[in-house]
Amino acid sequence: MGPLEVAVILMCLFLVLVLLRVPVSFALGLATVPIFLMHERLTVTLLFTEMFRAYNSFLLLAVPFFLLAANLMNRAGITDRLMNFAKAIVGFLPGGLGHVNIIVSMLFAGISGSSTADSAGIGAIMIPAMKKEGYDTSLAVTVTACSSVMGVIIPPSVLMIIWGGVMSVSIGGLFLAGVIPGIAIGLSMMVAVYIYARRRNYPRYPLVSQKEFFQSAGSALLALFTPIIIVGGISAGFFTPTEASVVAVLYSLLLGMVVYRKLDFQALKEVFYESARFSAIALFAVGTASAFAFLLAFFKVPEALVSQLQGLGLGFIGTGLMVAVAFLLIGMFIDAIPAIIILGTVLWPVAEAAGYHPIHFAIIGVVALAFGLVTPPYGLCLLISCSLGNIRVVDVLKDLVIMLTPMLFVLLLIVLLPDLILWLPRLLMPDFF
Numbered sequence: 000m001g002p003l004e005v006a007v008i009l010m011c012l013f014l015v016l017v018l019l020r021v022p023v024s025f026a027l028g029l030a031t032v033p034i035f036l037m038h039e040r041l042t043v044t045l046l047f048t049e050m051f052r053a054y055n056s057f058l059l060l061a062v063p064f065f066l067l068a069a070n071l072m073n074r075a076g077i078t079d080r081l082m083n084f085a086k087a088i089v090g091f092l093p094g095g096l097g098h099v100n101i102i103v104s105m106l107f108a109g110i111s112g113s114s115t116a117d118s119a120g121i122g123a124i125m126i127p128a129m130k131k132e133g134y135d136t137s138l139a140v141t142v143t144a145c146s147s148v149m150g151v152i153i154p155p156s157v158l159m160i161i162w163g164g165v166m167s168v169s170i171g172g173l174f175l176a177g178v179i180p181g182i183a184i185g186l187s188m189m190v191a192v193y194i195y196a197r198r199r200n201y202p203r204y205p206l207v208s209q210k211e212f213f214q215s216a217g218s219a220l221l222a223l224f225t226p227i228i229i230v231g232g233i234s235a236g237f238f239t240p241t242e243a244s245v246v247a248v249l250y251s252l253l254l255g256m257v258v259y260r261k262l263d264f265q266a267l268k269e270v271f272y273e274s275a276r277f278s279a280i281a282l283f284a285v286g287t288a289s290a291f292a293f294l295l296a297f298f299k300v301p302e303a304l305v306s307q308l309q310g311l312g313l314g315f316i317g318t319g320l321m322v323a324v325a326f327l328l329i330g331m332f333i334d335a336i337p338a339i340i341i342l343g344t345v346l347w348p349v350a351e352a353a354g355y356h357p358i359h360f361a362i363i364g365v366v367a368l369a370f371g372l373v374t375p376p377y378g379l380c381l382l383i384s385c386s387l388g389n390i391r392v393v394d395v396l397k398d399l400v401i402m403l404t405p406m407l408f409v410l411l412l413i414v415l416l417p418d419l420i421l422w423l424p425r426l427l428m429p430d431f432f
């Protein structure tokens, strides 16, 4: 069998299984079984060996620990403190609570690294609050869902950890490279909310006094140290990403149990259970997607793709746009983690041949996949937010398209301006460049 035949068989089997409502993680693994059985050099034992090899990674231990830290922070009541701080910063703008929603997501992203934790934790508070103040339910849900994507862009990011582990890219460099795109996406959303507020006359909060500002900042200060400890510690070489995730958990426990006193034994049991459940779901996909990617590599599908695309003469910008569109499309249908393992490994040789830096390529992929969290039919964060707002997905599509438009413009800038992405890693981690 040639590369084209293998790629077609794998993708067709995978799509059929997904259409039959088989979970994506299982569909990826099951799609590989016929190829392993049909080829004399491949065995089912090798399939399980490849899956085990994917799991046998010290770096992947960071994923459950970062998810645990996010859930601990959420349960410790940090959202209310961040909300008060954000209100003091941007509440005076037209559509104040919409801006607060976005800023809280940006701050929480620097703590959690998870978009689903963002949409669930913040949405439970912000969506009812926005509806109470007269915001359309559609807009409240859209702002909450779209702002939650920053959870996987602003460091620390679970997706960047997976990407770094799979593609052997500096995670510290990825974290630093995600700062500017994350802020740019947040600002683009705030512009959209400002226009909405002007047209619909949404309320604003009075400007806070200097004393109130420092009080709100002080209440959130300890939590805001989390990203500084994590990103700063990794960038400075004090600890590895996995060690940083454990530090984040210990720091979260300290804040929740000793400082804020919001975590008791029952709360810890629930947090550990939820974290273990989400970690199992995420990490199971790593193994099955790795087996899928192994077959693509075994039959030299990436090399065949490179030779085909080089003949098209896409160039640097054309290749970047092709990569962005590919990740956008796959992110609409499957979870980001298997998408990274499958599509990232296939497209990297193409991007490398076009002159892309691995960190620039990674940020394009992560940002594009983040949009998949709010675009149907997958749209996990959108589904969570719609459930919290008690509204159908179809009823938010108009506002969703409007909100995504400036965000897509930021993605275009990421493709066109590599120095925008690489400036901070080059400044703070020059040894990697």
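The numbering of the sequence shown is numbering that gives the first Met the number 0, which starts it at 0 and goes up by one.
Glycine included, every Cβ here is placed at the ideal spot set by N, Cα and C.
Please read these numbers as outputs of a predicted model, since none were measured by experiment.
{"Item": "Alpha-carbon to alpha-carbon, Ala-352 and Ser-167", "Value": "17 Å"}
{"Item": "Residue environment, Asn-200, which counts as buried when at least 16 other CB atoms sit within 10 Å", "Value": "exposed"}
{"Item": "Runs of alpha helix (DSSP H) lying entirely within the region 6–66, each at least 4 residues, in chain order", "Value": "23–37, 43–54"}
{"Item": "Start-end ranges of the alpha helix (DSSP H) lying completely within the region 319–371, minimum 4 residues", "Value": "335–338, 344–352, 357–370"}
{"Item": "Beta-carbon proximity list for Thr-136, same chain, < 6 Å, skipping 5 on both sides", "Value": "Lys-130, Gly-388, Ile-390"}
{"Item": "Three-pair Cβ contact test at 8 Å for the region 280–299 versus the region 48–59", "Value": "yes"}
{"Item": "Separation of Gly-112 from Ser-251, as counted between CA atoms", "Value": "14 Å"}
{"Item": "Simplified DSSP state of Val-258, which is helix, strand or coil", "Value": "helix"}
{"Item": "Best match in Val-373, Thr-78, Glu-273, Val-246 for proximity to Tyr-259 [C-alpha to C-alpha]", "Value": "Thr-78"}
{"Item": "Helix, strand or coil at Asn-83 according to DSSP, with G and I counted as helix", "Value": "helix"}
{"Item": "Distance between beta carbons of Ala-323 and Ile-363, contact taken as under 8 Å", "Value": "5 Å"}
{"Item": "Val-198: first and last residue of the uninterrupted alpha helix (DSSP H) it sits in", "Value": "The question names Val, but residue 198 is Arg in the sequence shown. From DSSP, the alpha helix (DSSP H) with Arg-198 extends over 178–199."}
{"Item": "6 Å CB neighbourhood of Gly-120 in its chain, flanking five on each side removed", "Value": "Asn-73, Thr-78"}
{"Item": "Own chain partners of Pro-2 with C-beta closer than 6 Å, once the 5 adjacent residues on each side are dropped", "Value": "Phe-298, Lys-299, Val-300, Ala-303"}
{"Item": "Spatial distance of Leu-368 from Leu-220 (CA atoms)", "Value": "31 Å"}
{"Item": "Under the three-state DSSP convention, the category Ser-215 falls into", "Value": "helix"}
{"Item": "Per-residue DSSP class, three states only, for Pro-202", "Value": "coil"}
{"Item": "Backbone CA spacing between Val-246 and Ile-229 [nearest angstrom]", "Value": "8 Å"}
{"Item": "Backbone secondary structure at Arg-276 - three-state DSSP", "Value": "helix"}
{"Item": "Sufficient close CB pairs (3 or more, under 8 Å) joining the region 36–44 to the region 205–223", "Value": "no"}
{"Item": "Val-142 versus Leu-294: straight-line alpha-carbon distance, rounded", "Value": "40 Å"}
{"Item": "Range of the contiguous alpha helix (DSSP H) that encloses Asp-117", "Value": "114–131"}
{"Item": "Contact under 8 Å by Cβ, Val-414 with Pro-348", "Value": "no"}
{"Item": "Simplified DSSP assignment, three categories, for Tyr-134", "Value": "coil"}
{"Item": "Where Pro-376 falls: helix, strand or coil (DSSP)", "Value": "coil"}
{"Item": "Cβ-Cβ separation, Ala-30 to Leu-16 (assumed contact under 8 Å), whole Å", "Value": "6 Å"}
{"Item": "Per-residue burial, Glu-49 [other beta carbons within 10 Å of its own, 16 or more giving buried]", "Value": "buried"}
{"Item": "DSSP three-state assignment for Ser-156, whether helix, strand or coil", "Value": "coil"}
{"Item": "Collapsed DSSP secondary structure at Asp-394 in the structure displayed", "Value": "helix"}
{"Item": "Alpha-carbon to alpha-carbon, Leu-46 and Ile-124", "Value": "45 Å"}
{"Item": "First and last residue of the uninterrupted alpha helix (DSSP H) at Pro-93", "Value": "Unbroken run through Pro-93: none, as it is neither H nor E."}
{"Item": "Candidates Leu-399, Leu-106, Leu-9, of which the one nearest Ala-216 by Cα", "Value": "Leu-106"}
{"Item": "Closest by C-alpha distance to Leu-58, when choosing among Phe-238, Tyr-377, Val-207, Thr-115", "Value": "Phe-238"}
{"Item": "Inter-stretch contact at 8 Å, needing at least 3 Cβ pairs: the region 79–88 / the region 174–186", "Value": "no"}
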